[in-house]
Amino acid sequence: MTEMNNQITIYVDGEAIQAEPGAMLLDTIDKAGMGERVPRMCHHKELLPAGNCRVCVVEIDGMPNTVPSCHTPVTDGMKVSTSSEKVVATRKSVIEFMLINHPLDCLVCDQGGDCELQDMVYQFGADNSRFCEPKVEKQPEDISPLIAVNANRCIKCMRCVRFLEEISGQRELGMLNRGENCKISSFYDDKVTSKLSGNTIDVCPVGALLAKSATHAVRPWELKRTESVSPYDALGTNINIDTFANKVIKIIPRHNSGINGSWISDQDRFGFLGLEYRVEQPLVNGEVTPWEQVQEDLGRVFADNEKSTLFMVSPTATVEQMLAVENLAAAMPNAQIGYSFSQHRQIQGDTEYFPVLGMSLEQLLQSDLIIIAGVDLDQDLPVLAARLRKANCRVVMIDPQTPDAGLVKNAQSPVLLFGKAVSEHVDADQLRESLQKVFAHGKLKTGDISGGANSAGAAILQSLRSCEDSAKSFSNVVLVGDALEEIAGDKMHIISSAEHVIALMSTTTEAIKRNAHIILPIPAWTEVSGSFVNMQLNWQCFKAAIKAPDAAREIEQICAMIAKAAKVAIFRKISEDQFADKLKQIKTEQQKSWSAQC
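So, in structure tokens, the structure goes:
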């Protein structure tokens, strides 16, 4: 029982394990790989311990009663029993108490088969209740347009309340009333507005909180799970896409401690619902047209190689799709590429703008001051905001037009991050330089958080080719990928003045319909295999979760159609190996820069 490296020894079921002094017993047991011995309901690894459920009780030598392991600090020489007769009896009684008013509706509950309470009942055999009186029934509440609430199934673990308070930073749920009438509800009858509210569905151990879009759709064991990456911002949030019968049923977080932790935003979770508004067939001048006829129309559009063409590529396009467009443009004599690094700012021939964080998230969390210029993190990057809040980072959000130089006065390792209001500014480069001068500090580190899902990949590809002068007008404009409907005003005139506008999109809007002469359906992001490079320069691959509609064509296929129409041969001017080498070089340079300043 001697201390080694500031550690103490405790004994769990007779086995000696090392523990950090003052650590909670349940966390210590989990770290030792014995977590399956101690069930829990209210405890969550990302939330502070609450001790509400009393399911995680254990017996400790020298203590007359069982104690909740989630709220008991370890002491040197502590002897713990996780399955004694007293412990098992206590857990059975706690579970029986939970089931007093719990509806026995497992057959129709969407959580059936994936319910922590159901698993625990089977484990401890507490399926018989001595409570014969009528169960208390609570009326359903509508707390959110996205979340369905069944108050009768709630076991008062308070995970949802704690999540919104500790992680989201918006305490919008609470426990109302007392005794059998107590319930989880929103305050003042207001709706839950947090951009992270969908995570309450994941932390709920029973079927009390469910996604409205997925209720009564399919059983959990019937779902096929595909690992993927969210296309909605540059963080590179890791997700799991659950599908059934070639249809996306729901999207849930995939844990990645270096990126999104255990959380995803509501846009990541529910954004796929917007894919219902698909481009179902090729459209030429508003008329449905067979693909064979589309090839002829493309032949007329690109017959004259002297006419200039601009490819506007969305930040939601994968690295592989961007490579296909890059190599097509390289084969065409008068073609240029303009990347939409965010959903607004179009860039052509600008190699200085590089939308990356400039450091890893772990390094960012080490900073004692993080200045955010021109973006509301809780609204636009809620998962990043949650990670910073969890790490207790000092974050100051400022208006880039009115900076306060005194913020960095006592900082040791400040970081200045540029948001979309900076990147979309008319004089974005000048504004960034001005802010760096205002916050002049010997160890000031800067980064950009305004990009799209694959903005960093686009910037790498752009740096691999020689920059051409941006033309004032183009005969043909090809829009590649979704999220291009909000094009900056100084580029809209290029589209409106073009002879032909061709849109390669999975979903469309009225603005695209008004401006595009040819609209060609491509697979949605849930139907594509590929890769993104996020703001930390993590190159993440993913597979298609479902099959695309028969009418859709891959971007690579359409590039081949355009090459045939333009009578050019596509060659690999930029390869994936070149891309990988450039990415590695940039990451190495940024790591050296960080180390030098630290």
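So for the sequence shown, the numbering used here puts the first residue at 80; every next one is plus one. Ideal placement from N, C-alpha and C gives every residue a C-beta, glycine not left out. Every value quoted in this text rests on a predicted model; they were computed, and no experiment measured them.
7 Å CB neighbourhood of residue i in its chain, flanking five on each side removed
i	result
Ala410	Ala642, Val647, Ala648, Ile649, Phe650
His295	Asp189
Val297	Phe323, Ile328
Contact set for residue i: own chain, Cβ-Cβ below 8 Å, skip 5 residues either direction
i	result
Val683	Absent from the model: residue 683. The displayed extent of the chain is 80 to 677, so no value can be given.
Gln615	Gly315, Gly337, Ile338, Val435, Leu436, Met438, Ser439, Leu440
Gly568	Its pLDDT being 49, under 50, Gly568 is placed unreliably in this model, and the coordinates cannot settle the point.
Thr169	Arg133, Val136, Thr145
His596	Val363, Asn364, His579, Val580, Ile581
C-alpha gap between residue i and residue j, whole angstroms
i	j	result
Pro182	Arg348	28 Å
Ser163	Leu314	46 Å
Asn325	Leu456	34 Å
Pro219	Ile280	16 Å
Val580	Ser419	17 Å
Met254	Phe433	47 Å
Glu385	Asn413	7 Å
Gly350	Ala293	13 Å
Asn260	Pro284	20 Å
His423	Val505	Note that His423 has pLDDT 42, beneath the 50 cutoff, so the model's placement of it is unreliable and the number below is only indicative. About 12 Å.
Leu178	Pro299	22 Å
Asn180	Ala287	13 Å
Arg468	Val475	12 Å
Ser492	Ile320	38 Å
Glu578	Ala538	28 Å
Ala452	Asp483	11 Å
Leu352	Asp478	33 Å
Ala644	Gln374	7 Å
Thr388	Gly277	43 Å
Gln480	Ile573	29 Å
Asp376	Ile598	12 Å
Gln425	Glu606	Its pLDDT being 49, under 50, Gln425 is placed unreliably by the model, and the measurement read from it follows with that caveat. Spanning the two alpha carbons is a distance of roughly 26 Å.
Asp429	Trp370	At Asp429, the pLDDT of 46 sits below 50, so the modelled position is not reliable; the number obtained from the coordinates is stated separately. About 36 Å.
Pro143	Leu354	59 Å
Gly141	Ser160	12 Å
His122	Phe658	44 Å
Glu195	Gln509	55 Å
For residue i, three-class secondary structure by DSSP
i	result
Lys110	helix
Ile343	coil
Met177	helix
Cys239	helix
Phe390	strand
Leu183	coil
Gly428	At Gly428 the pLDDT is 46, less than 50, meaning the model places this residue with poor confidence; the figure from the coordinates comes in the next sentence. The answer is coil: DSSP assigns Gly428 none of H, G, I, E or B.
Val373	helix
Asp269	coil
Glu164	helix
Val505	coil
Met584	strand
Leu460	coil
Ser307	strand
Ser674	helix
Same chain, Cβ closer than 6 Å to residue i, neighbours up to 5 away in sequence not counted
i	result
Tyr90	Lys158
Thr368	Pro361
Lys303	Thr322
Val173	Arg133, Val134
Ala227	Leu289, Lys291, Thr294
Val153	Ile89, Ala98, Ala102, Leu104, Thr107
Reference residue i, options the options, closest by Cα
i	options	result
Tyr356	Met640, Glu589, Val117	Glu589
Phe266	His596, Gln442, Leu616, Ser223	Ser223
Ile625	Val327, Val271, Asn229, Met142	Val327
Lys214	Phe176, Leu105, Gly204, Leu486	Phe176
Gly485	Phe518, Tyr311, Ala631, Leu402	Phe518
Lys488	Pro479, Gln480, Gly521, Cys472	Gly521
Ala532	Cys185, Leu252, Asn613	Asn613
Glu359	Asp660, Pro128, Arg632	Arg632
Gly609	Ile318, Val454, Lys165, Val398	Val398
Ser674	Glu245, Gln445, Leu186	Gln445
Ala630	Asn617, Ala168, Cys185, Pro602	Pro602
Gln249	Ala465, Pro628, Asn555, Ser160	Ala465
Asp660	Asp268, Glu503, Leu540, Val501	Leu540
Val454	Asn555, Glu503, Gln415	Glu503
Gln515	Ser542, Ile450, Ala535	Ile450
Residue-chain proximity (residue i, chain C), Cβ-Cβ < 8 Å
i	result
Gln509	No chain C is present in this structure, which holds just one protein chain.
Margin query: Can you confirm whether the segment 379 to 396 touches the segment 648 to 657 when touching is taken to mean that 3 or more C-beta pairs between the two stretches lie within less than 8 Å?
Written below: no
Next item on the list: Report yes or no: do three or more beta-carbon pairs, one from the segment 303 to 314 and one from the segment 231 to 244, lie closer than 8 Å?
Entry: no
Notebook entry, point to check: Are three or more beta carbon pairs between the segment 225 to 235 and the segment 110 to 119 nearer than 8 Å?
Noted result: no
Next item on the list: Indicate whether the contact test is met: 3 or more Cβ pairs, each with one atom in the segment 619 to 639 and one in the segment 451 to 467, closer than 8 Å.
Entry: no
Item checked: the segment 521 to 530 in contact with the segment 489 to 505 per 3-pair CB rule at 8 Å -> yes
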